[in-house]
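Written below as structure tokens is the structure these notes are about.
In UniProt numbering, the protein residues as written are 1 to 300.
Right, here's the structure in full:
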């Protein structure tokens, strides 16, 4: 093999080693414009879910009741105008799930095929599946399908008390806590700014967006902690999502104040999702000259 050929092979960049800019230089944004409507619908549906949960919870607290979890909030919408809202939520969550899978398969964020890129793209698919489950929950409420809570509790108790169940709960708990750390870190270093177009509105709302992302991280963190608690104690306690977080906070000192603050934070996350629906930058579908919020606020 000649020295020239060896040099060419050594300097050739493999697909997995390409930087984001190198990947984006090889594509035409117009070829991926079809992904934008899916992204907008998905983030809009996600925002509607958090708006429903936080809004119904604050209303319930104001009326002297308790905050609501995802299931209770969706059931509150069952019937009348709520049915129409549920249909939009189902459409939005399904679109968001599809968006995350499409985003991963077509690598619309230009992560590449390196280890970090593959991890990020796998996480997208997992996120999509989670939201698909949430869409299924909304469908179950819409068709008035109700499961026996006692039977469900018995099954959870049997699973939690088994060695396999302990492992499952531990893994799910650790993954949930990891997601919480991700969101809290995202709020702390304001990493979300690199995915938003810079304009007057996004600049003004940056603080509220940061609070919303942090609040979502806190909710997910408490859910993860409750799941880990169930794994360690092998109890039949059902850490069924946001509702269990509200229940746990309600039992603490100043619980009502904590729950109210968290609901306001979730309203902030709903706003974060709406802003993403309107101004999120999809690298492969955006021109190279697009200025992000991160670019502007960092002075680049």
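Cβ coordinates follow ideal geometry from the N, Cα and C atoms, glycine included.
Contact check for residue 285 against residue 36 passes: the beta carbons are separated by less than 9 Å. Per DSSP, reduced to three states, the secondary structure at residue 197 is strand.
Runs of the alpha helix (DSSP H) lying entirely within the segment 106 to 130 and spanning at least 4 residues: none are present. In the three-state reduction of the DSSP assignment, residue 56 falls in the helix class. Membership of residue 143 in any alpha helix (DSSP H) is not indicated, and neither H nor E is assigned to it by DSSP.
Per the C-alpha coordinates, the member of 124, 54, 133, 269 positioned closest to residue 100 is 124. Under the Cβ criterion (8 Å, minimum of three pairs), the segment 209 to 223 counts as touching the segment 263 to 279. A straight-line Cα-Cα distance of about 33 Å links residue 89 and residue 295.
Annotation for residue 294: the continuous alpha helix (DSSP H) segment containing it runs 293 to 297.
Counting along the chain, the unbroken alpha helix (DSSP H) around residue 22 starts and ends at 20 to 24. In this structure residue 224 is in contact with residue 180, their Cβ atoms being roughly 6 Å apart against a cut-off of 8 Å.
Around residue 202, the same chain offers 196, 275, 279, 293 as residues with beta carbons nearer than 7 Å, after the five sequence neighbours per side are excluded.
About 5 Å separates the beta carbon of residue 93 from that of residue 45, a gap short enough to meet the 8 Å contact definition. The bridge partners DSSP lists for residue 46 come to none.
With fewer than 16 other beta carbons inside 10 angstroms of its own, residue 31 counts as exposed.
About 5 Å separates the CB atoms of residue 183 and residue 216; that is less than 8 Å, so the two are in contact. Residue 97 and residue 132 do touch by the CB rule: their CB atoms are close to 4 Å apart, below 8 Å.
Here residue 186 has 192, 213, 217 as same chain residues with Cβ atoms under 8 Å from its own Cβ, once five neighbours each way along the sequence are excluded.
Between residue 22 and residue 282, the C-beta spacing is not below 9 Å. Measuring C-alpha to C-alpha distances from residue 168 to each of 63, 26, 228 identifies 228 as the nearest. By the criterion of a C-beta distance shorter than 8 Å, residue 104 is surrounded in its chain by 121, 122, 124, 125, 128, once the five residues flanking it on both sides are discounted.
Taking a contact as a CB-CB distance under 8 Å, the pair residue 50 and residue 277 does not count as one, their CB atoms being some 12 Å apart. Between the alpha carbons of residue 84 and residue 262 lies a gap of roughly 27 Å.
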